[in-house]
């Protein structure tokens, strides 16, 4: 009898889970065009958040990103709270409070000779620390050691630190995608974002989307895609087709709401010292991204393909 009762409960739970999943699937299927309409655009509009990552990591990155934001070459950016140049970003935000600035929640520290520690007290987030006392350098050791409760404590500390400096974030996303590695971490992101009333990065084509997206509520905003390029680092003296790949990405963009992430910086002595022996997303890479998004060809491609740049701030208004 107990066994039968248990089977009955299991079936009921399975049915309830299926119904919930189907309801969420219907929401996600319908949300793309509907989301565009809710933002005040036609159903078939191509809407793009062109987003600059990693503010706060270096003065060079900050300067390049500020230039791009002011010229509207990008429409959004996010800052890494544990990094040394956070205060420069906070001061800039005070002078430009309407810029679209989110938090690039940071749980790893990837550069070889330039490292940072968590914002929360070290002894309260010990699972986030490598043997050298800094945040883990890569996502694999992070995922092997990081406890969800430590992750939550740290990202709450980062949000609170930003707020204390006068930064009112428009959204939350994740440095190196660490919060998308495991449903336990993604659940923490969703929980914290809900607590602070902020939209957060979630896209239908995200890694492990089949495991992560069902965790969302119908009220959460889901982007249609987050296109990413597999670019090689620029090599001096060799042809570089990165710009053509970016332009092809814009031509391929379908109606809906999308985000393309770029990494901006100036290839100067500071950035080369920080990113030594790290060609991927390194100093020359960031200079190239800066030049591409500011190029006439890139801007013309946006216009020719009827792509409208939007911000996370606009999405956040829907939640209010």
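Numbering (the numbering used here), first residue to last: 1 to 320.
All C-beta atoms, glycine included, are put in the ideal place defined by N, C-alpha and C.
List the DSSP bridge partners of residue i.
i           : result
residue 262 : 52
residue 308 : 47
residue 168 : Its beta-bridge partners do not exist; DSSP assigns none.
residue 225 : 258
residue 107 : In the DSSP output, where bridge partners are listed per residue, residue 107 has none listed.
residue 128 : Its beta-bridge partners do not exist; DSSP assigns none.
Classify residue i as buried or exposed, calling it buried when 16 or more other Cβ atoms lie within 10 Å of its own Cβ.
i           : result
residue 45  : buried
residue 69  : buried
residue 87  : exposed
residue 169 : buried
residue 311 : buried
residue 259 : buried
residue 109 : buried
residue 152 : buried
residue 174 : buried
residue 178 : buried
residue 77  : buried
residue 163 : exposed
residue 282 : buried
residue 230 : exposed
residue 318 : exposed
residue 217 : exposed
residue 10  : The pLDDT assigned to residue 10 is 42, lower than 50, so where the model puts this residue is not dependable, and the model offers no usable value.
residue 314 : buried
residue 158 : buried
residue 303 : exposed
residue 133 : exposed
residue 106 : buried
Going by DSSP in three states, residue i sits in which element: helix, strand or coil?
i           : result
residue 75  : coil
residue 278 : coil
residue 283 : helix
residue 254 : coil
residue 135 : strand
residue 203 : strand
residue 30  : With a pLDDT of 42 at residue 30, under the threshold of 50, the predicted position of this residue should be treated as unreliable, and no value is reported.
residue 102 : strand
residue 174 : strand
residue 157 : helix
residue 181 : coil
residue 65  : helix
residue 318 : helix
residue 198 : coil
residue 302 : helix
residue 141 : helix
residue 123 : helix
residue 244 : helix
residue 191 : helix
residue 95  : helix
residue 146 : coil
residue 313 : helix
residue 249 : helix
residue 22  : Because residue 22 sits at a pLDDT of 41, beneath the cut-off of 50, its placement in the model cannot be relied upon, and the following sentence gives the value as read from the coordinates. Reduced to three states, the DSSP call for residue 22 is helix.
residue 60  : helix
residue 209 : helix
residue 215 : helix
residue 289 : helix
residue 38  : helix
residue 81  : coil
residue 231 : coil
residue 118 : coil
Throw me the rounded Cβ distance for the residue i and residue j pair, which I believe falls under 8 Å.
i           : j           : result
residue 203 : residue 251 : Not really, about 20 Å apart at Cβ, beyond 8 Å.
residue 262 : residue 50  : 7 Å
residue 307 : residue 39  : Their Cβ separation, rounded to whole angstroms, is 14 Å, which puts residue 307 and residue 39 out of contact at 8 Å.
residue 274 : residue 111 : 6 Å
residue 120 : residue 154 : 5 Å
residue 271 : residue 286 : 7 Å
residue 292 : residue 243 : 5 Å
residue 62  : residue 89  : 6 Å
residue 239 : residue 284 : Not really, about 15 Å apart at Cβ, beyond 8 Å.
residue 253 : residue 305 : 7 Å
residue 150 : residue 172 : The Cβ separation is near 17 Å, so there is no contact.
residue 65  : residue 309 : Not a contact, Cβ separation roughly 15 Å.
For residue i and chain C, any beta-carbon pair shorter than 8 Å?
i          : result
residue 86 : Note that chain C does not occur in the displayed structure, where there is just one protein chain.
Count the CB pairs spanning the segment 121 to 128 and the segment 87 to 99 that are closer than 8 Å, and state whether there are at least three.
-> In short, these stretches do not touch, since the Cβ pair count stays below three.
Okay, do the segment 56 to 74 and the segment 133 to 143 touch, 3+ Cβ pairs below 8 Å being the bar?
-> The segment 56 to 74, when compared against the segment 133 to 143, does not touch it at the 8 Å Cβ threshold.
Inter-stretch contact at 8 Å, needing at least 3 Cβ pairs: the segment 75 to 82 / the segment 38 to 58 | Judged by pairs of C-beta atoms under 8 Å, the segment 75 to 82 touches the segment 38 to 58, as three or more such pairs exist.
Decide if the segment 232 to 248 is in contact with the segment 182 to 201; the criterion is three or more beta carbon pairs, one per stretch, under 8 Å apart.
-> Contact between the segment 232 to 248 and the segment 182 to 201 is absent, because fewer than three Cβ pairs lie under 8 Å.
Taking three-plus beta-carbon pairs below 8 Å as touching, is the segment 186 to 194 in contact with the segment 223 to 237?
-> Taking 8 Å as the limit for Cβ pairs, the verdict is that the segment 223 to 237 does not touch the segment 186 to 194.
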